[in-house]
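Remarks on the structure that follows.
Protein chains: 2
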Amino acid sequence: MAKDEDPNRPAALWMDAWRGVLYANARVLQVAEPDLIATAGIPLSWLDVLAQLYDAPGNSLRMQDLQQHSLFTRSGITRLVDRIEAAGLVRREPVVGDRRGVLVVLTPDGFGKHQAAFAAHLPIIEREFGRRLTPDQQRAVAGALAAFWRNDGAGPTD
Amino acid sequence: MAKDEDPNRPAALWMDAWRGVLYANARVLQVAEPDLIATAGIPLSWLDVLAQLYDAPGNSLRMQDLQQHSLFTRSGITRLVDRIEAAGLVRREPVVGDRRGVLVVLTPDGFGKHQAAFAAHLPIIEREFGRRLTPDQQRAVAGALAAFWRNDGAGPTD
DNA sequence: TGACACTATCTGTCTTGTCAATCACTTATC
DNA sequence: GATAAGTGATTGACAAGACAGATAGTGTCA
């Protein structure tokens, strides 16, 4: 590979950390996504939506909240929810005080599918990711990267 | 969020580490990709290809090598290379000993575009990722996740 | 209440990614 | 050297994503 000896690429510490994040994410998902489709019958973008609704109060969120918190879909939430709704896993409801808004609600089927998909997904992540790290490494990575999902927008950006 | 108190989701250490990887990747790229398009005029998938060719001996790789090492494109390398070739950044050449194969070679334009895009890309990654971690955290993350891009397939999977 | 700016979601259209089938070439075996 | 199996890359049909503009509803201010 000979990247480390290239004078044009100063090997800063954070660059190796970023490369690690990039590769870990890509390599794990390259295995986990086909597996999820094979075992649970849904892609990761669906599980992402279902998991958000599962975690949300009332198992429901508005379209824009779904979009903002999404990890895999930057745009196109409308069509994505269309598909998941057509599969019967979520349902659209009007928002009480705001007739522009749409509330996406997890159906019982969607609840069950989330449970099943999540249960099938976890062992794969553990095998492909968790087991490759020592407990100390797990702790270190979790601590270092927690800012990205806790504050989620804020940070020491100055 | 109240996820940590949910009895259905045992909060294993590696799960928080994985969540960190997932969110860090998504949040940083959500900023970096539009920025790269705005400043360099190419999407990340193109930079991925250009960077691989830049790092490769002879600034060239075969299609399948490009595909296997790719971080963003699991399939569809043919079409992706079509577009990059149409932009004049790479060129296809026959492989000497194997007339089935195709060698994708970085053109001088592609070389320059890589330099420019990479130079524009780095500061964004530093701002969105590097600066959010202390040097100790950078070292820890880099060390813990190095296995994903060094061995790239092996590991303590038993 | 009428005009205006703003917000939330959807639709049309184009681009990009995915999957199976195919073509061209190579290697192994007889 | 002919035939069969395997490999590398492309193609066509379809699904999904991206982006701009449209539609409908809200809130404010005169």
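Protein chains in written order, with my numbering: chain A, 1 to 158; chain F, 159 to 316.
Ideal placement from N, C-alpha and C gives every residue a C-beta, glycine not left out.
Judged by pairs of C-beta atoms under 8 Å, the region 208 to 225 of chain F does not touch the region 171 to 190 of chain F, as fewer than three such pairs exist. Residue pairing by DSSP places residue 260 of chain F opposite F:252 in a beta bridge.
For residue 218 of chain F, the uninterrupted beta strand (DSSP E) run begins and ends at 218 to 220, by DSSP. Residue environment for residue 295 of chain F: buried (at least 16 other C-beta atoms within 10 angstroms of its C-beta). For residue 43 of chain A, there is no enclosing alpha helix (DSSP H), as DSSP marks it with neither H nor E. With respect to the C-alpha of residue 87 of chain A, the residue from A:108, A:96, A:102 and A:99 having the closest C-alpha is A:108.
Only 213, 229 and 232 from the region 205 to 239 of chain F bring a Cβ to less than 7 Å from some Cβ of chain A. Inclusion of residue 141 of chain A and residue 302 of chain F in the CB contact set at 8 Å is warranted, their separation being smaller than that value.
Per DSSP, residue 265 of chain F lies in no alpha helix (DSSP H) and is assigned neither H nor E. The straight-line gap separating the alpha-carbon atoms of residue 201 of chain F and residue 280 of chain F is approximately 14 Å. Contact annotation, residue 128 of chain A with residue 31 of chain A: C-beta distance approximately 5 Å; criterion of less than 8 Å satisfied. The beta carbon of residue 174 of chain F sits closer than 8 Å to some beta carbon of chain A. The C-alpha of residue 124 of chain A lies about 19 Å from the C-alpha of residue 71 of chain A.
In this structure, the beta-carbon distance from residue 247 of chain F to residue 234 of chain F does not fall below 8 Å. For the C-beta of residue 306 of chain F, the chain A residues within less than 7 Å are, from N- to C-terminus, 20, 23, 24 and 27. Ranked by Cα distance from residue 195 of chain F, the options F:278, F:307, F:304 and F:292 are led by F:278.
Per DSSP, residue 146 of chain A lies in no alpha helix (DSSP H) and is assigned neither H nor E.
Apart from sequence neighbours up to five positions away, the residues of its chain that approach residue 46 of chain A with a beta-carbon distance below 6 Å are 84, ordered along the chain.
Ranking F:276, F:263, F:186 and F:274 by CA distance to the CA of residue 289 of chain F puts F:186 first. For the 8 Å CB-CB criterion, residue 305 of chain F and residue 198 of chain F do not form a contact. At a cut-off of 8 Å, the C-beta of residue 108 of chain A has no neighbouring C-beta in chain F.
Following the DSSP letters along the chain, one finds residue 289 of chain F in no alpha helix (DSSP H), marked with neither H nor E. The C-alpha of residue 258 of chain F is placed about 44 Å away from the C-alpha of residue 67 of chain A.
The three-state secondary structure of residue 237 of chain F, taken from DSSP, is helix. When rounded, the separation of the alpha-carbon atoms in residue 308 of chain F and residue 102 of chain A is 46 Å. DSSP places residue 12 of chain A outside both helix and strand once states are collapsed to three, so it counts as coil.
Spatial neighbours of residue 93 of chain A in its own chain (CB-CB distance under 6 Å, excluding positions within 5 residues in sequence) are listed in chain order as 103 and 105.
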